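K.L.:
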Amino acid sequence: MTNLCLAKFNPDELLECHVYATLNVMRSLKDNFFWVPELTNENFWELLFYAIVLHDIGKCATGFQKDPKNWGYRHEVLSTPFVEFLDYGEDEKNMIALAILTHHKYIDELKNSQMLPRLYYGVYKNKIKELLENKGYLINFYFPRIEDWELRIFRKKLKKFNLPKNWEEKIGNYNFNELLDWYDENVREKKTELIFLKGLLNACDHLASAGEYSILTLPNLKERIFEKISNLRELQEKLLFIKRNAILKAPTGYGKTEAALLWSYTNLDSVRKRYPNRVFYILPYKVSINAMYERLKSYLPEGGMVALLHSSSQYYLYVSGYEYRRLTNLYRKIYSPMKVLTPFQIMKAFFGVGFYEMELSELAKSLLIFDEIHVYEPNIIGIILGMLDILVNGYKAKALIMSATLPTFLEELFKETLKAEDVKFEKEDPDEFTRHRVRVVDGNVFDIIQNLELNKNFFIFGEIKLEKPVLIVCNTVDRAIEVYKYLKNKKFKVLLIHGRFTYGDRERLEKEVRKNIEHYDFIVSTQVIEVSLDISFNSILSEPAPLDALIQRFGRVNRHGWKDGVIKDVYVLTEGSERDKYVYKEWMVKNTLKVLQEINEELLRESKIQDYLDEVYKDSNKIIKSIMSAKDTTIDIFNSLKPLYSSENEERFYELFQGLEVIPIKYIGKVNELIDQRRYIEIYKYMVPLSISKYFSIKEKLGDVFRYEPKLKSVIASLKYDSELGLLLDNIDMDEDQWIM
């Protein structure tokens, strides 16, 4: 009696069923990603077909079938020798073999685990014997399926797989040394083919394992837009006819999102009235990504059409009532045609992090929309430019750069890299969107709030007239806490929002502001307010910051006033706090105040903002040098990547860009309860996000206040936490009663 071979366990899935499911994903890619052979070679889909057909044959080994978790060997090593029976040249067979060999572990990982039979073949030959114990299944059930699969995928028999009589001997004597020598000699020349072959093998395998057998493609985006918008604005209409890279500068509230979707429609490729290219909508902040996810879903409500990707996206999906486990799994695969994400999710591929070959394969021929591009630090701008240089020139991608405030020097850097078209006003008057009058106030925030008097719905001090609810924006969390405490002690109705709250408290506070903003006298915040809340305040008092940051803050005030010609005053202080120098470059703030002093008590006209920005950044040579250095480094790192090898830059990437989340010690008991109840996703409620730089600065200041707790798989912060104030950095919480282990 012939044994059947399983590819998956619990629930069980036969090998031929899993492979056919994986081939169905490949067929979906083949029918839509027509550009892949153009970037690789003309018979790419055949090579991928046979990589899929052969990739899991090693699972037929009896040891794997009995106990896959404790078998102690790699099934892909046993699958690799079957490429010997393909009727292709040496190069093509070796590329297929390498894709199969590395579809779970990279070459260096296999070497380090001594799984590769390069010197001692004894263990390998014993595992081959295990495989041959199930040769009846392969000969009678599995291999006869191959010609049928060829017919279904290619509508013809390829007949490229032919077993010789001595096939058992040949797989036992397969020469892995020759394969790896070929890799070393040809990796540079075959880099792109190897990236796509491994990348799309992983993509097909992962999606089939998730229970989906085809990718989604976009509908007609123009039709979706026109269902909601009857008349296009000038810049929206211009982008509808631009079939190339572009740069769009438009005021807040103009409709840049719709403009971006119209540009996408024009630049997408059409396959049977569907649009297969992947669209990446890239934003800097998680809160704005969450909001954009909901907005794009209003145009694309079909399940899975829009994906959400950032470090805490699973928690957002959970608290929003979505099917978070399934969606989180699918969103990280090649399934969804539109993804809303941070640039760091894309950067991973260029630093060789994770399944980077799969990410690069998906980025080919994609459309990349960078919104709010101005907010990034120079090194991040440089990395983005480096990525775009590679993707546009090597992977046929296109890009749209968008911002409400983009200094000319930055615009020129993007133009140079992208050869992009600048989309400008010609008919519409940008001053139609003017809705603020600048008022510069001498002194710091306490000079003002200590002297305010209430008159009906206004707080007044001299010439200052702040209409409730007032937004006070500080540059640091510590300063915001000080201001909040003062106003609270004065019995004002005040609420505090900043980035050092737990996710649960941050969600609660933002809901409260959206629901009950009119009940408050003051909302005190940091720069998180620039992107986090889609609500409109009546007035603002802001600490000094670079002009582009201030304009973002002003955008929270009188948001839709331009529609009715309403103008509101925006107040900017001349002094911040001592700690501001760690947040913003002093020369940027100094130049900004100089510009604002010159237009004090005048309208902040949209038509003049570009001139003001260029005046602030007139001494931009150091910034440009920093940006270009980061761009060159990014390209060098990418060029040094060896496909099918893990990257030496992975640890460096996480050190540079990845933040971390800590759990205040007061919640350790609650988190332990959640773990015992297996309610893992709810642990996010008690996590506070910290940047790596903030983490190390706290350690330097306060000592060893962080420790990793294995059971929680989290970092515990021995710092006081207050649900009203957030994580406090001036008090170490070492209460013994709270050390529940």
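So the sequence shown is numbered by the numbering used here: it starts at 19 and just counts up by one.
Note that beta-carbon positions come from the ideal geometry of N, C-alpha and C, so glycine has one too.
For clarity, every value in this text was computed on a predicted model and none was experimentally measured.
Compare the C-alpha of Tyr-713 against each of Ile-699, Arg-350, Arg-725 and name the closest.
P.N.:
If we check each option's Cα against that of Tyr-713, Arg-725 comes out closest.
K.L.:
Just the Cα atoms here: how many angstroms apart are Asn-507 and Ser-329?
P.N.:
Using only the alpha carbons, I get a separation of about 37 Å.
K.L.:
Is there contact between the segment 137–152 and the segment 63–73, where contact requires at least three CB pairs shorter than 8 Å?
P.N.:
Touching, no, given that fewer than three Cβ pairs across the two stretches are closer than 8 Å.
K.L.:
Please return the same chain residues whose Cβ sits closer than 8 Å to the Cβ of Lys-717, not counting the five positions on each side in sequence.
P.N.:
The residues are Val-723, Phe-724.
K.L.:
Shortest alpha-carbon distance to Gln-83 belongs to which of Glu-148, Thr-120, Glu-471, Val-463?
P.N.:
Residue Glu-148 is the option with its Cα nearest to Gln-83.
K.L.:
Just grab the DSSP bridge partners of Asp-784 for me.
P.N.:
A question about residue 784 goes unanswered here, because the residues of the chain that appear run from 19 up to 759.
K.L.:
Just how far apart, CA to CA, sit Glu-245 and Phe-369?
P.N.:
Approximately 41 Å between the Cα atoms of the pair.
K.L.:
Quick check: the Cα distance between Leu-614 and Ser-665, rounded to an integer number of angstroms?
P.N.:
Answer to the nearest angstrom: the Cα atoms are 47 Å apart.
K.L.:
Let me know the secondary structure DSSP gives Tyr-473 once reduced to three states.
P.N.:
It should be noted that the sequence gives Asn, not Tyr, for residue 473. Asn-473 falls in the strand class under three-state DSSP.
K.L.:
At which residues does the beta strand (DSSP E) containing Val-512 begin and terminate?
P.N.:
Start and end: 512–515.
K.L.:
Starting from Leu-378, trace the alpha helix (DSSP H) in both directions and tell me its first and last residue.
P.N.:
It spans 374–381 - the alpha helix (DSSP H) in which Leu-378 sits, taken as one unbroken run.
K.L.:
If you draw a straight line from the alpha carbon of Glu-376 to that of Ile-401, how long is it in whole angstroms?
P.N.:
Reading off the sequence, residue 376 comes out as Met, not Glu. Answer to the nearest angstrom: the Cα atoms are 20 Å apart.
K.L.:
Quick check on this structure: which residue in Val-584, Lys-688, Leu-378, Lys-261 has the alpha carbon closest to the alpha carbon of Ile-364?
P.N.:
The residue with the shortest Cα to Cα distance from Ile-364 is Leu-378.
K.L.:
Does DSSP put Asp-440 in a helix, in a strand, or in coil?
P.N.:
In the structure shown, Asp-440 sits in a strand (DSSP, three-state: E or B).
K.L.:
Any idea if Val-488 is buried or exposed, counting beta-carbon neighbours within 10 angstroms, 16 or more meaning buried?
P.N.:
Val-488 comes out buried.
K.L.:
Helix or strand or just coil, what does DSSP make of Tyr-303?
P.N.:
Of the three classes helix, strand and coil, the one that applies to Tyr-303 here is coil, per DSSP.
K.L.:
When you compare the CB positions of Arg-453 and Lys-603, do they come within less than 9 Å of one another, or not?
P.N.:
Cβ distance not < 9 Å, so Arg-453 and Lys-603 don't count as in contact.
K.L.:
What residue from Ala-69, Thr-210, Gly-677 has the CA that sits closest to Val-706's CA?
P.N.:
Residue Gly-677 is the option with its Cα nearest to Val-706.
K.L.:
Closest to Ile-734 by CA distance: which of Ser-232, Ser-741, Ile-701 is it?
P.N.:
Selected option, being the one with the closest Cα: Ile-701.
K.L.:
Does DSSP put Lys-416 in a helix, in a strand, or in coil?
P.N.:
Strand, per DSSP.
K.L.:
To which residues of the same chain is Asp-165 closer than 6 Å at the C-beta, ignoring the five residues directly before and after it?
P.N.:
It should be pointed out that residue 165 corresponds to Glu in this sequence rather than to Asp. For Glu-165, where only same-chain residues beyond five positions count, the Cβ hits under 6 Å are Lys-175.
K.L.:
Please state whether DSSP places Tyr-739 in a helix, a strand or coil.
P.N.:
Strand.
K.L.:
Helix or strand or just coil, what does DSSP make of Ala-228?
P.N.:
Coil.
K.L.:
In whole angstroms, what is the alpha-carbon distance linking Gln-756 and Ala-278?
P.N.:
Note that Gln-756 scores a pLDDT of 31, beneath 50, so its modelled location is shaky; the value from the coordinates is reported in the next line. In a straight line, the C-alpha of Gln-756 is about 51 Å away from that of Ala-278.
K.L.:
Compare the C-alpha of Ser-306 against each of Lys-688, Ser-638, Gln-570 and name the closest.
P.N.:
Closest by alpha carbon: Gln-570.
K.L.:
Quick one: give me the first and last residue of the alpha helix (DSSP H) that Val-44 is part of.
P.N.:
Here the sequence assigns Met to residue 44, which means Val is not the residue at that position. Counting along the chain, the alpha helix (DSSP H) containing Met-44 begins and ends at 33–50.
K.L.:
Can you tell me whether DSSP reads Arg-136 as helix, strand or coil?
P.N.:
Note: Arg-136 maps to coil in three-state DSSP.
K.L.:
Which runs of the beta strand (DSSP E) fall wholly inside the segment 494–538 and span at least 3 residues, in chain order?
P.N.:
Fully enclosed beta strand (DSSP E) runs of 3 or longer: 512–515.
K.L.:
Per the contact definition of three or more C-beta pairs closer than 8 Å, is the segment 463–472 in contact with the segment 264–273?
P.N.:
Output reads no: the segment 463–472 does not touch the segment 264–273.
K.L.:
So for Ile-125, helix, strand or coil by DSSP?
P.N.:
Three-state result, Ile-125: helix.
K.L.:
Can Leu-662 and Tyr-106 be called in contact, C-beta distance under 9 Å?
P.N.:
Their beta carbons are not under 9 Å apart, which means Leu-662 does not touch Tyr-106 by this criterion.
K.L.:
Return the chain-ordered list of same chain residues with a C-beta closer than 6 Å to the C-beta of Ile-391, the five sequence neighbours on each side being excluded.
P.N.:
Ile-419, Ser-421, listed in sequence order.
K.L.:
Please say whether Val-410 and Met-356 have beta carbons closer to each other than 9 Å?
P.N.:
No, these two residues do not count as a Cβ contact at 9 Å.
K.L.:
Check this for me: beta carbons of Ala-264 and Asp-440, under 9 Å apart or not?
P.N.:
Contact flag set, yes.
K.L.:
Can you tell me whether Trp-605 is buried or exposed, with buried defined as 16 or more other CB within 10 angstroms of its CB?
P.N.:
Burial call: exposed.
K.L.:
Any chance the segment 488–507 sits against the segment 525–544, with 3 or more Cβ pairs inside 8 Å?
P.N.:
With the cut-off at 8 Å, the segment 488–507 and the segment 525–544 touch.
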